[in-house]
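Below: one structure, written as structure tokens.
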Amino acid sequence: MTQNTRPNSRLSNAQIAWRAAQDIADGAYVNLGIGLPEMVASYQPPGREAIFHTENGILNFGEPPAPGEEDWDLINAGKKAVTLKLGAAFFHHADSFAMVRGGHLDVAILGAYQVSQKGDLANWRVGSTGVPAVGGAMDLVHGARQVFVITEHLTKAGEPKLVEACSFPLTGVACVTRVYTSHAVVDIADGRFVLREKLPGQAFAELQAMTGATLHVDGEVADLVAPDI
Amino acid sequence: MTQNTRPNSRLSNAQIAWRAAQDIADGAYVNLGIGLPEMVASYQPPGREAIFHTENGILNFGEPPAPGEEDWDLINAGKKAVTLKLGAAFFHHADSFAMVRGGHLDVAILGAYQVSQKGDLANWRVGSTGVPAVGGAMDLVHGARQVFVITEHLTKAGEPKLVEACSFPLTGVACVTRVYTSHAVVDIADGRFVLREKLPGQAFAELQAMTGATLHVDGEVADLVAPDI
Amino acid sequence: MDKRVGSVADAVAGIGNGARVMIGGFGGAGAPIELIHALIDKRPRDLTVINNNAGTGRVGLAAMIDAGMVRKMICSFPRSSDPRAFTEKYLAGEIELELVPQGTLAERIRAGGAGIPAFYTPTAYGTELAEGKPIAEFDGRRYVQERWLKADFALVKAHLGDPQGNLTYNKAARNFSPLMCMAAATTIVQVSRLAAAGDIDPESVVTPGIFVDRVVEVPHPQQEEDLVRAGAACA
Amino acid sequence: MDKRVGSVADAVAGIGNGARVMIGGFGGAGAPIELIHALIDKRPRDLTVINNNAGTGRVGLAAMIDAGMVRKMICSFPRSSDPRAFTEKYLAGEIELELVPQGTLAERIRAGGAGIPAFYTPTAYGTELAEGKPIAEFDGRRYVQERWLKADFALVKAHLGDPQGNLTYNKAARNFSPLMCMAAATTIVQVSRLAAAGDIDPESVVTPGIFVDRVVEVPHPQQEEDLVRAGAACA
Numbered sequence: 017m018t019q020n021t022r023p024n025s026r027l028s029n030a031q032i033a034w035r036a037a038q039d040i041a042d043g044a045y046v047n048l049g050i051g052l053p054e055m056v057a058s059y060q061p062p063g064r065e066a067i068f069h070t071e072n073g074i075l076n077f078g079e080p081p082a083p084g085e086e087d088w089d090l091i092n093a094g095k096k097a098v099t100l101k102l103g104a105a106f107f108h109h110a111d112s113f114a115m116v117r118g119g120h121l122d123v124a125i126l127g128a129y130q131v132s133q134k135g136d137l138a139n140w141r142v143g144s145t146g147v148p149a150v151g152g153a154m155d156l157v158h159g160a161r162q163v164f165v166i167t168e169h170l171t172k173a174g175e176p177k178l179v180e181a182c183s184f185p186l187t188g189v190a191c192v193t194r195v196y197t198s199h200a201v202v203d204i205a206d207g208r209f210v211l212r213e214k215l216p217g218q219a220f221a222e223l224q225a226m227t228g229a230t231l232h233v234d235g236e237v238a239d240l241v242a243p244d245i
Numbered sequence: 017m018t019q020n021t022r023p024n025s026r027l028s029n030a031q032i033a034w035r036a037a038q039d040i041a042d043g044a045y046v047n048l049g050i051g052l053p054e055m056v057a058s059y060q061p062p063g064r065e066a067i068f069h070t071e072n073g074i075l076n077f078g079e080p081p082a083p084g085e086e087d088w089d090l091i092n093a094g095k096k097a098v099t100l101k102l103g104a105a106f107f108h109h110a111d112s113f114a115m116v117r118g119g120h121l122d123v124a125i126l127g128a129y130q131v132s133q134k135g136d137l138a139n140w141r142v143g144s145t146g147v148p149a150v151g152g153a154m155d156l157v158h159g160a161r162q163v164f165v166i167t168e169h170l171t172k173a174g175e176p177k178l179v180e181a182c183s184f185p186l187t188g189v190a191c192v193t194r195v196y197t198s199h200a201v202v203d204i205a206d207g208r209f210v211l212r213e214k215l216p217g218q219a220f221a222e223l224q225a226m227t228g229a230t231l232h233v234d235g236e237v238a239d240l241v242a243p244d245i
Numbered sequence: 143m144d145k146r147v148g149s150v151a152d153a154v155a156g157i158g159n160g161a162r163v164m165i166g167g168f169g170g171a172g173a174p175i176e177l178i179h180a181l182i183d184k185r186p187r188d189l190t191v192i193n194n195n196a197g198t199g200r201v202g203l204a205a206m207i208d209a210g211m212v213r214k215m216i217c218s219f220p221r222s223s224d225p226r227a228f229t230e231k232y233l234a235g236e237i238e239l240e241l242v243p244q245g246t247l248a249e250r251i252r253a254g255g256a257g258i259p260a261f262y263t264p265t266a267y268g269t270e271l272a273e274g275k276p277i278a279e280f281d282g283r284r285y286v287q288e289r290w291l292k293a294d295f296a297l298v299k300a301h302l303g304d305p306q307g308n309l310t311y312n313k314a315a316r317n318f319s320p321l322m323c324m325a326a327a328t329t330i331v332q333v334s335r336l337a338a339a340g341d342i343d344p345e346s347v348v349t350p351g352i353f354v355d356r357v358v359e360v361p362h363p364q365q366e367e368d369l370v371r372a373g374a375a376c377a
Numbered sequence: 143m144d145k146r147v148g149s150v151a152d153a154v155a156g157i158g159n160g161a162r163v164m165i166g167g168f169g170g171a172g173a174p175i176e177l178i179h180a181l182i183d184k185r186p187r188d189l190t191v192i193n194n195n196a197g198t199g200r201v202g203l204a205a206m207i208d209a210g211m212v213r214k215m216i217c218s219f220p221r222s223s224d225p226r227a228f229t230e231k232y233l234a235g236e237i238e239l240e241l242v243p244q245g246t247l248a249e250r251i252r253a254g255g256a257g258i259p260a261f262y263t264p265t266a267y268g269t270e271l272a273e274g275k276p277i278a279e280f281d282g283r284r285y286v287q288e289r290w291l292k293a294d295f296a297l298v299k300a301h302l303g304d305p306q307g308n309l310t311y312n313k314a315a316r317n318f319s320p321l322m323c324m325a326a327a328t329t330i331v332q333v334s335r336l337a338a339a340g341d342i343d344p345e346s347v348v349t350p351g352i353f354v355d356r357v358v359e360v361p362h363p364q365q366e367e368d369l370v371r372a373g374a375a376c377a
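So the protein lines, in turn, are chains P, R, C and V. Going by my numbering, the first residue of the first sequence is number 17, and it counts up by one from there. Going by my numbering, the first residue of the second sequence is number 17, and it counts up by one from there. Going by my numbering, the first residue of the third sequence is number 143, and it counts up by one from there. Going by my numbering, the first residue of the fourth sequence is number 143, and it counts up by one from there.
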């Protein structure tokens, strides 16, 4: 694998997705949330093949079909057309969420508005106006053995997304296990943020200043590096 | 239909089963308990075809196979070999009992040690010794739209099986809707036994004396007659 | 016993004002467009509709909402590529919304079909969607009590259907439909092809006929995505 | 990823003393005789076994009980054409019995697989099998709260299995097995025939591979009824 040796000032969305993909084992059962998390599928390391679950009732779906080849009965949770890999299976929604809630997924990856140091996640609405919509997010954050969040480190307005306590409505309590951001990889352990990787070019103090809660160091902090993609 | 014009002194088991079969509509979904209730399938009136459910996961099974033709993966809840009719379906036990508990069966027919005037049923054990075994009886008595009991009117020792309150361990509370005995057809209505049919040759007082609770009369009491079978 | 009916109009007979109606489909996959439009032709009002979404464009469920037939939506995701029908009514206060997490929605419908009046789930614990619901602790973890969902009618789309109502589905068009078939007092199915009794392998039946009341053949069903792309106002 | 293992002995590796083991089958239909006898060869003790029945004759589950490996049975119907193995141990006080109504047993196992820690059922309300369990009223009717059942291992028999663990079953041999596959930490399956990836129609998969850990081919599985009739002491 080619890796960039020039330190990034921040990871792009694709690079965040790439970094998360490195932590998915061969044969893992994985659910990717709609949007940015879907990019993770593109960056599986060579020799590893995860089995992707979509909550609308497919295991082992693959790439999007060629334009014009869409079958609108063969879609993912984002309602985009997909294809099947060999060994796929269809099932109804109750069985699909039995897989989710019953702890059968190895990894669920979601986006976030905020993540708290206790692992609380806020990702479904930012206030009380408009039309609320939750989909499967509240189910996905419970049950999967590991719940990964991939996100920018700061909001567009420059506010921290990693916080002491979420101010936005919660999706789930104490559910996130690891966060991949544009600037760091952070575990949630015993109600604390534990820094695992940071950009080699950024000082810890600067990263801490961008983070809304204490970043604990517990063992080595590795360099967060990703290839140019 | 040929019917006996000579009054019976009591109905045989086959005749009790025949009488119950007359109350099953064409196309009804029916579960027959192990033993005497299974005989009901043999006496469906011409032109009517019920769809039989067995709790081990088959809808629309048929007659036993010829001897030597048994497939031991194709059995009913009594673990006897059966055959399939056209339009059969297999399903697992949770779906099977969803059919039962969810109110999808039109009729369940069970045997009884005792039935109380409130519709309580005791049919799974007579005491607290030996090896207890319940199977699906406690599920079947809840959910089916009509729960029929078919039974002798008296125990072998001459005790009433229709009683004010069951003395044997209960299978279910207020669950039986109708009882077919060797001597009468009795509905359970508002916590009372209501006599619907009695043997034409037997006096009401004699039937009442064989019954452990008051037999109410509410409208016509028809003659209970069955063909010689 | 033969559950076949001759037309979509006959299939939706008896759905009156105030009915609670489950509608299969996840987005357009499995949406029973023809049954929905047969129902629109009859214009029952004050319906409570249960679906994962709340319609898109001006067809199907969105057309029902546009027609003012829906008093309340129970769904997980009332957004779509073109959610204006629901959004307009919702923001105007003309339609009620019960928002339910998708897995809880599926499990509540299954519970309705399976005779389970309530169950506990970790989903939504500690969130505003659990407010007012009983909480219980099992093995040191907290769970939300959720109630079953049942309906007067279910409208679903299946692939094959036989005279007894045994059904198969097409790919991910399965989604909520097998659950809704279980949970409705009257289940109405449009099938893309009628099969003869015995033509569906008993091993491959997805919805056994016991859960189905009426079957109508719609050999070339319209697909919501195509209709929305074509800008159809009404099928 | 390839879940195939080469022998029944390898398939049952790791099942130790005190394990909680679900075993598929309803009577002999779906009983994984070869897996059971591979486990008997390893003689783990103090097992809790979950099955609808409690064995018949001297083969399969009955042979496990005879071998003194089972401390507790959780089942609905510990009777059979020849129940002496269980009966002897039970009457001697050497085996514990948790008797569960059949539908409640199925639903508890499904709940274990589906992450539902508890649910309410009308079944057994007012009977001795509900004693000590919480009771709640919903819509004017009373229900019993039942808890999920999970296991360390499930041993099941299926018809086809592919390398990813997707399974089909043969007729009524399906029974509890799809539920047990969901509810066990490690699910071990003997299949009558290995299928290549893609050989099982995705529409007809009964147990998706996500619920399966090990698959071993047993091309000519023995049938409990035949063994009992032959008076086999042990397969």
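For every residue, glycine included, the Cβ atom is placed at its ideal position computed from N, Cα and C. Only a predicted model underlies this, so the values are computations on that prediction, with no experimental measurement involved.
If you ignore the 5 residues before and after Leu-241 of chain V, its C-beta comes within less than 8 Å of the C-beta of Cys-217, Ser-218, Pro-220, Leu-271, all in its own chain and listed in chain order. Rounded to the nearest whole angstrom, the C-alpha separation of Phe-209 of chain R and Gly-228 of chain R is 10 Å. Three or more Cβ pairs drawn from the region 134-152 of chain R and the region 220-234 of chain V lie within less than 8 Å of each other, which places the two stretches in contact. Val-237 of chain P and Phe-280 of chain C have their C-alpha atoms roughly 37 Å apart. Here Pro-148 of chain P is not bridged, per DSSP, to any residue. Residues of chain C with a Cβ closer than 8 Å to the Cβ of Thr-187 of chain P are, in chain order, Thr-269.
Proximity of Thr-263 of chain V to chain C, defined by a Cβ-Cβ separation below 8 Å, is satisfied. Excluding five sequence positions before and after Leu-100 of chain R, the CB atoms of its chain that fall closer than 8 Å to its own CB belong to Ile-74, Asn-76, Phe-77, Gly-78, Leu-90, given in chain order. Interface annotation, Met-143 of chain C: in contact with chain R, CB-CB separation under 8 Å.
For the pair of segments examined, the region 155-175 of chain V was found to touch the region 186-202 of chain V: the number of CB pairs separated by less than 8 Å reaches three.
Interface criterion met: the Cβ of Asp-155 of chain R is under 8 Å from a Cβ in chain V. In this structure, the beta-carbon distance from Gly-118 of chain P to Thr-193 of chain P does not fall below 8 Å. One alpha carbon belongs to Ala-181 of chain P, the other to His-108 of chain R, and they sit about 45 Å apart. Taking C-alpha positions only, Ala-374 of chain V is separated from Met-154 of chain P by approximately 53 Å. Neighbours of Pro-350 of chain V in chain C, taken as residues whose beta carbon is under 8 Å from its own, are absent, since the nearest beta carbon is some 13 Å off.
With the criterion set as a beta carbon lying under 7 Å from some beta carbon of chain C, the members of the region 330-348 of chain V are Glu-345, Ser-346, in sequence order.
In the DSSP annotation of this structure, the continuous segment of the alpha helix (DSSP H) that includes Val-116 of chain P starts and ends at 109-117.
Secondary structure remark: continuous alpha helix (DSSP H) runs of at least 4 residues inside the region 171-221 of chain C, in chain order: 175-184, 203-208. Uninterrupted alpha helix (DSSP H) stretches at least 4 residues long and entirely within the region 312-350 of chain V occur at 319-325, given in chain order. Shown here, Met-226 of chain R sits in coil according to DSSP, grouped into three states, outside any helix or strand.
Within its own chain, the residues whose Cβ lies closer than 6 Å to the Cβ of Met-324 of chain V, once the five positions on either side in sequence are excluded, are Gly-255, Phe-353, listed in chain order.
With a threshold of 8 Å between beta carbons, Gln-364 of chain C makes no contact with chain P. Taking 8 Å as the cut-off, the Cβ atoms of Leu-121 of chain R and Val-195 of chain R do not count as close.
For Met-324 of chain V, the closest Cβ of chain P is nearer than 8 Å. Taking all protein chains shown into account, Asn-159 of chain V has fewer than 16 neighbouring C-beta atoms within 10 Å of its C-beta and is therefore exposed. Residue nearest to Ile-125 of chain R within the set R:Ala-221, R:Glu-222, R:Gln-38 is R:Gln-38 (criterion: CA-CA distance). The residues Gly-351, in chain order, have a CB closer than 6 Å to that of Gln-306 of chain C in the same chain once the five nearest residues on each side in sequence are set aside. Taken atom to atom, the span from the alpha-carbon of Arg-213 of chain C to that of Met-206 of chain C is near 10 Å. Considering only beta carbons, the part of the region 291-308 of chain V lying closer than 8 Å to chain P consists of Asp-304, Pro-305, Gln-306, Asn-308, in chain order. Taken atom to atom, the span from the alpha-carbon of Val-154 of chain C to that of Met-322 of chain C is near 16 Å. Here Lys-172 of chain P is exposed, its C-beta having fewer than 16 other C-beta atoms within 10 Å. For Ile-32 of chain R, there is no enclosing beta strand (DSSP E); the enclosing alpha helix (DSSP H) covers residues 29-37. Among the residues facing chain C, Met-115 of chain R is included, as its CB has a counterpart in that chain under 8 Å away. For the set V:Leu-336, V:Glu-366, V:Leu-369, V:Gly-340, the Cα lying nearest the Cα of Val-357 of chain V is the one of V:Leu-336. Short of 8 Å from the beta carbon of Glu-65 of chain R, and not among the five residues preceding or following it, lie these beta carbons of its own chain, in chain order: Asp-42, Gly-43. Going by beta carbons, Ala-128 of chain R and Lys-177 of chain R fall inside the 8 Å limit.
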